[in-house]
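Everything below concerns the one structure shown next.
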Amino acid sequence: MLDRQISLDDRQRLLDAMLGIRGMHDSDQRHRYVSELESRLGRPLRAPRHADARHDAWSLLGAMLARTGGLRSFVRVVYDLSGDDPAVRELERLVETFERESLLAPDDRAALLTLLTAVDRAELVAAAPVAGRWSRELTTLAGKPAALVHRLEAVPVTVGGAPVLLAFVDRLAHQLDAGQALELHRWIDLVAGGLGLSQATARGLCILSLHDRQEAAEPPRAPRPPEPVKIPILPPPAGDDGEPQERRPAYWGSVPARNPDFTGRQLMLRDLNEALLTKSKISVLPQTLHGLGGVGKTQLAVEFAYRYMGNYDLIWWIPAEHSTMVLGSLRELSTRLGLPESPNLQQMASNVLDTLASTPLRWLLVYDNADQPDELARFVPVTGGHVIITSRNQEWGRLGDAVEVDVFQRRESIELIRKRASDVSEADAQRLAEKLGDLPLALEQAATWHVGTGMPIAQYLQLFDDHVRELLSEGKPTYYPTTVAAFLSLAVERLRESSPGTAQLFELFAFLGAEPLSPNLLRNAREAPLSEPLRTTLRQPIAMGRAFRDLRSLGLARVDLDNKIQVHRLMQLVLREGLDEDQRARSRANVQRILAHANPGDPDGQEVWTLHGEIGPHILPAQLIAADFFEGRSVVLDQMRYLYLIGDFEGSRRLAEAALPVWREGDAPDIGPRGALTLLATRHLANALRSLGESRRARELAREAYEGLRTSPDFGEDHEYTLVTANSIAVDLRILGDYQGALTVDQENLERHRRVFGSDDLYTLRVLQNIAVNLRMLGDVEKAYEIDSGLVRQWSRTGPDRYQTLQCRANVARDLLAMGRHQEALDLVDEVVPDLRKGFGPHHLYALLAARTQAIALLRLGRFAEAVTHAQETYDGTLARLGPHHEYSLAAAMTLANALRTVGEFGEARELATTALGFYRRDFGPDHPFTVAAEVNLALLMRGLGDYTRARELDDRATATFRAVFGPNHTYTLRATSNLSNDLAAQGDSAGARELSERTLAELDRRRGEDHPHTLACAGNVAFDRMATGDAESGRRLLERTLTLMARVLGPEHPDTVDRARGRRAECDLEPSPT
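With our numbering as the guide, the letters of the sequence shown map in order to residues 2 to 1076.
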């Protein structure tokens, strides 16, 4: 590496500096250093290894001195793996001293001189302009290669991010014939890693050389006008005094009206503000009073929102008693923020939270009545702004500072009563507060009652006592606040006397969820067999409107601007307990019939999703699982499918798991162990579990449902239920890797579907789509493309934005990739991904799968940096959505590993690929195609890291397994075989490499044609193998022809085209399609 020899004393100083590094005394750490160094150099050190640290370090030192940039790269490796250290800095100082005068190691310089000696002087002169102002001096040295190289090493500038020496050599390569060019490019490739050049930089040199030659005769281009500067829109500032301005934020959503009679809580408000500003992103307001509501948590949060609204640019109120409410509210926020719309509420929520985490807006989210932390925590942001949660559940305290909200102090109770009712004396207010236990909700209700009725406090208290005794005599649970229960009982009794229809309407809320109920849903049930006078009330719009107003005026319900009615959850709880057996039965039956009549049926049509979404939160409170009529239970079954379609696999699973134990024990015709609803719910559970990655249990349940339907005298093989369930059997076979078995099942199922449903039915088209997936997996991509293209045409007639249309278009993109039509695939998937994200959200499964296809298309087009970005986003999204062990998460990890390899991030890529391969082997088995494909991808990395033995072991096994599973001519088998030839070439077995590559090329040429990218990749390798085995002329001709075809098919600047010209062999990764 130096013109002068390093003395023994100098070597000793370098050795001592190396041994001063702590990690050098640990054999495992030394191995990590060497492994990473070889990865960065792109070549093995070939140093004998020793157990003794000093002996081993001496051997490594000699090997590093023999590699260009070896010592410099070693210093960077130690810094990166072990951090800063005085010993490392000392070694760095010594290396700078010894390498100051020279760039190349002696052997590398000698190799270059050998190549340059064979080049005409005129060619050397022609390449000199690349050195700029040094070109004249280099021209005078053109007849003296050693002096020329020495001067080029000393030129202190770079070209395209590379030393002038490498730019000169690359320019020279582009002037010479293919054989000489190949040798010069390989020399650049040999030393590039030690000089800190990435493969992208090395390719860039080639592209610069091409451009310079092409543009030499062209007139200079006019300079581009400067890009306009984009100034971000920042949130408005605080006032000059630093205090928030009194204004309503630009984004203000669903915050309840401010209570003009808000009383007390001053210290608590200040503490809450302080906690948000200094302590925690989340301030939790847990319920007290033995877990019962009504202490004023919501009122406190409302007052905070108004009092401190000047601190924020966005305040959004989120009803959070159920995840559906959270999802709906976040979707409204998404619309206000201008984000893409989506019927998939769960995935849209993730998009909103991601946006909030990165926006400069100052925001506050209030989650009201969030009592299920395990279910709702994933919808609560953790960074970027402020969050307030009101809840009865103290488990939220794990996420931030908990602020306990207790009942009023007595003075606050008196103040509230006299604010609302100025005619009440302080003594009466004192007695009322004592009676109501200072519970804010009860105080508010009592004051509202007094104002509304004019009833004296003394009379109210007398009636109240009567109701307390009645409630206690009937054994009501003592943990309910009898004050509120008595108030409610009094209000309902009065309603029953004055307006029985309104009373029955109110009683519905004993079996409804806490979400607002739309009048449209109630109107849809006007023909339902409801009890009277409720049925008459719902059938008469004026009567129903009057009932809404009565409930609101009595403080029993809230009616919003959309005329949706909502009863406080505490009211619902006490209401349910206050009904007698007959009243409960009547109310429950009314609710069940209302929901059954409102149910729009089959949720596979997207036009009914909104109504299914409104019905869903009421299913469990209405006890529809245990409904005694078929239509009621059908609501539950339809909801399972709806939740699955919008991507809420967890919700679908929970509902199915709740229904199945009840239905299996039932004795109605449609339930029981072999009832239709039971078996269909089993199928829905299997679908949800499969999508969540629990494929084994899903397979067992799907088989149970299918066999139950197939063997039933009521259904049989050709029944609609059986046919639809058979689709799951084929999917499970695909997940097992039995693509031929899945194809057989789907083909048989297709014939039955056509007989029963017809050729154009939704269910028939779904089977045809599955057949195309099987064909793609089996390598018949042309037939798959034909089917998928036809499906796109058929589905497009029903709407371009239907999920079936978008799914099939994504499948067409996958077919195009397999056919080598990469740009067409990217153009198509670039349209599909935004549509899926708009329609379903960025983290819906459909969108994630299409985004992975987009990343693969970018890889195939050589747009590696973009591919890494897309692959990383897809992997992160899939990991967050499905967890680390899911089939799709593992596939996304492999795509990211393949992308990282192309930009030289071998270490991170190897870690990802190794981890994914471990999960594949554990969960899918050693011979599953996914597992074997992962082995092929890991082998690419091991070969790139110089571990040729390990790479060959992986490729040997992969080739043999693919041959056994798919046969010798499947694309996977051929690409694995091509990689195996790379292993042989790397190990010096040129003849063996040629035998494999020639055979592979012949088969690819026959199956795919000479201009398919797979064929071209193999053809370049065959050209190199021919040259390596003495058939130089044949190899040169094949390489020239291959480069010509690659320039036409892929483009002259495609990394694969440039790499073949540089003498780099093609590496073949595998990217299996989703099942």
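Heads up, the beta-carbon is just placed ideally off N, CA and C, and yes, glycines get one too.
With PRO530 and ARG587 assumed to form a contact (beta carbons below 8 Å), what rounded beta-carbon distance in angstroms separates them?
By 1-based counting over the sequence shown, the position of residue 530 is 529. By 1-based counting over the sequence shown, the position of residue 587 is 586. With 8 Å as the limit, PRO530 and ARG587 do not qualify as a contact, their Cβ atoms being about 12 Å apart.
Whose CA, out of ARG308, PRO261 and LEU270, lies closest to the CA of ARG249?
Taking the first residue of the sequence shown as 1, we reach residue 249 at position 248. Answer by Cα proximity: ARG308.
Any contact between the segment 872-888 and the segment 848-860? By contact I mean 3 or more CB pairs, one from each, below 8 Å.
As far as the Cβ criterion goes, the segment 872-888 touches the segment 848-860, which means the pair count is three or higher.
Return the chain-ordered list of same chain residues with a C-beta closer than 7 Å to the C-beta of ALA1006, the five sequence neighbours on each side being excluded.
Along the sequence shown, read from residue 1 onward, the residue named residue 1006 stands at position 1005. Position check: residue 1006 holds Asp in this sequence, whereas Ala was assumed. Cβ neighbours of ASP1006 beyond the five flanking positions: THR1016.
Tell me which residues share the same chain as THR336 and place their Cβ nearer than 8 Å to its Cβ, disregarding the 5 neighbours each side in the sequence.
Residue mapping note: residue 336 aligns to position 335 of the sequence shown, counting from 1. Once the five neighbours on either side are set aside, the close Cβ partners of THR336 are GLU342.
Looking at the structure shown, is PRO210 part of a helix, part of a strand, or coil, going by DSSP?
Position 209 of the sequence shown, counted from the start, is the residue given in the question as residue 210. Pro is not the amino acid found at residue 210; the sequence shown has Ser there. DSSP places SER210 in helix when its eight states are reduced to three.
Around the C-beta of GLU734, are 16 or more other C-beta atoms found within 10 angstroms, so that it is buried, or is it exposed?
Translated into positions along the sequence shown, residue 734 becomes position 733. Correcting the residue identity first, residue 734 is Leu in this sequence and not Glu. With 16 or more Cβ atoms within 10 Å of its Cβ, LEU734 is classed as buried.
Can you tell me the Cβ-Cβ gap for ASP171 and ILE189, rounded? I've got them flagged as a contact below 8 Å.
Residue mapping note: residue 171 aligns to position 170 of the sequence shown, counting from 1. Residue mapping note: residue 189 aligns to position 188 of the sequence shown, counting from 1. At roughly 6 Å, the Cβ-Cβ gap stays under 8 Å, so ASP171 and ILE189 are in contact.
In three-state terms, what does DSSP make of LEU621?
Locating residue 621 in the sequence shown gives position 620, where the first residue counts as 1. Correct three-state label for LEU621: coil.
To the nearest angstrom, report how far apart LEU286 and ILE458 are at their CA atoms.
In the sequence shown, the residue the question calls residue 286 occupies position 285. In the sequence shown, the residue the question calls residue 458 occupies position 457. In this prediction, LEU286 has a pLDDT of 37, which is less than 50 and means its spatial position is unreliable; nothing more can be read from the coordinates.
Helix, strand or coil for VAL568 per DSSP?
Position 567 of the sequence shown holds residue 568. Coil at VAL568, not helix or strand.
Since I believe ALA961 is in contact with CYS1019 (beta carbons under 8 Å), could you give me their beta-carbon distance rounded to a whole number of angstroms?
Taking the sequence shown and counting its residues from 1, the one referred to as residue 1019 is at position 1018. Taking the sequence shown and counting its residues from 1, the one referred to as residue 961 is at position 960. Actually they do not touch by this definition, with Cβ atoms about 19 Å apart.
Are there 16 or more other CB atoms within 10 angstroms of the CB of ASN750, so buried, or fewer, so exposed?
By 1-based counting over the sequence shown, the position of residue 750 is 749. That one is buried.
Return yes when the Cβ of ARG1061 is within less than 7 Å of the Cβ of GLY1010, no when it is not.
For the purposes of this step, residue 1010 is taken as residue 1009 along the sequence shown, with counting starting at 1. For the purposes of this step, residue 1061 is taken as residue 1060 along the sequence shown, with counting starting at 1. For GLY1010 and ARG1061, no; Cβs fall outside 7 Å.
Any contact of the segment 175-194 with the segment 50-59, i.e. 3+ C-beta pairs under 8 Å?
Too few Cβ pairs lie closer than 8 Å, so no.
Counting only the same chain and skipping the five closest in sequence on each side, list residues whose C-beta sits under 6 Å from that of THR903.
Working through the sequence shown from its first residue, we reach residue 903 at position 902. These residues qualify, in order along the chain: PHE865.
Consult DSSP for ARG1061 and reduce its assignment to one of helix, strand or coil.
The residue given as residue 1061 occupies position 1060 in the sequence shown. DSSP places ARG1061 in helix when its eight states are reduced to three.
Roughly how far, in whole angstroms, is the beta-carbon of ASN706 from the beta-carbon of THR726, given that I think they are within contact range, below 8 Å?
As a position in the sequence shown, residue 706 is number 705, starting the count at 1. As a position in the sequence shown, residue 726 is number 725, starting the count at 1. The question names Asn, but residue 706 in the sequence shown is Ala. Between THR726 and ALA706 the Cβ distance is about 5 Å, and since that is below 8 Å, they are a contact.
If you pair each beta-carbon of the segment 860-874 with each one of the segment 1042-1057, do three or more pairs fall below 8 Å?
With a cut-off of 8 Å, the segment 1042-1057 and the segment 860-874 count as touching, because enough Cβ pairs lie within range.
Per DSSP, which residues does TYR368 bridge with? Please list them.
Here residue 368 refers to the residue found at position 367 when the sequence shown is read from its first residue. Paired residue(s): ILE319 and ILE390.
Decide if the segment 97-114 is in contact with the segment 154-169; the criterion is three or more beta carbon pairs, one per stretch, under 8 Å apart.
With the cut-off at 8 Å, the segment 97-114 and the segment 154-169 touch.
In this structure, what does DSSP give as the bridge partners for THR159?
Counting from one through the sequence shown, the residue named residue 159 turns up at place 158. According to DSSP, which records beta bridges pairwise, THR159 is partnered with PRO164.
Roughly how many angstroms lie between the CA atoms of VAL493 and ALA558, to the nearest whole one?
To locate residue 493, count along the sequence shown from 1; it is residue 492. To locate residue 558, count along the sequence shown from 1; it is residue 557. Each residue's alpha carbon lies about 12 Å from the other.
Mind the definition here: the segment 648-664 touches the segment 672-680 only if three or more C-beta pairs lie below 8 Å; say whether that holds.
Yes, the segment 648-664 is in contact with the segment 672-680.
What residues in its chain sit with their C-beta under 6 Å from that of ALA350, if we drop five residues either side in the sequence?
Numbered from its first residue, the sequence shown carries residue 350 at position 349. Counting only Cβ-Cβ distances below 6 Å, and skipping sequence neighbours, we find LEU328, LEU331 and PHE380.
Using 7 Å as the threshold, is the C-beta distance between ALA785 and VAL830 below it?
Against the sequence shown, residue 785 aligns to sequence position 784. Against the sequence shown, residue 830 aligns to sequence position 829. No, the Cβ-Cβ distance between ALA785 and VAL830 is not below 7 Å.
In three-state DSSP terms, what is LEU489?
What you label residue 489 is simply residue 488 of the sequence shown in a count that begins at 1. Three-state DSSP puts LEU489 in a helix.
Would VAL158 be called buried (16 or more neighbouring beta carbons within 10 Å of its own) or exposed?
Position 157 of the sequence shown holds residue 158. Exposed, since its Cβ has fewer than 16 Cβ neighbours within 10 Å.
Compare the Cα-Cα distances from GLN40 to each of PRO1073, VAL78 and GLY878 and report the closest residue.
Locating residue 40 in the sequence shown gives position 39, counting from the first residue. It should be noted that the sequence gives Ser, not Gln, for residue 40. Residue VAL78 is the option with its Cα nearest to SER40.
How many angstroms separate the CA atom of GLU999 from the CA atom of ASP990?
Position 998 of the sequence shown, counting from 1, holds the residue named residue 999. Position 989 of the sequence shown, counting from 1, holds the residue named residue 990. Distance between the alpha carbons of GLU999 and ASP990: 14 Å.
If you draw a straight line from the C-alpha of LEU656 to the C-alpha of GLU508, how long is it?
As a first step, residue 656 must be located in the sequence shown, where it is residue number 655. As a first step, residue 508 must be located in the sequence shown, where it is residue number 507. Each residue's alpha carbon lies about 25 Å from the other.
Measure the alpha-carbon distance for LEU95 versus GLN347 and round it to whole angstroms.
Along the sequence shown, read from residue 1 onward, the residue named residue 95 stands at position 94. Along the sequence shown, read from residue 1 onward, the residue named residue 347 stands at position 346. Each residue's alpha carbon lies about 59 Å from the other.
Taking only beta-carbon atoms, is THR1016 less than 7 Å away from chain B?
In the displayed structure, chain B is absent; only one protein chain is listed.
Could you name the residues of the same chain whose beta carbon sits closer than 7 Å to that of SER790, not counting the 5 residues immediately before and after it, in chain order?
Walking along the sequence shown from the start, residue 790 turns up at place 789. Excluding positions up to five away in sequence, the list reads VAL813.
DSSP state of TYR309, grouped into three classes?
Taking the first residue of the sequence shown as 1, we reach residue 309 at position 308. Three-state DSSP puts TYR309 in coil, outside helix and strand.
Please report the residue range of the alpha helix (DSSP H) in which GLY791 lies.
Locating residue 791 in the sequence shown gives position 790, where the first residue counts as 1. Looking at the DSSP string, the run of the alpha helix (DSSP H) that includes GLY791 is 782-797.
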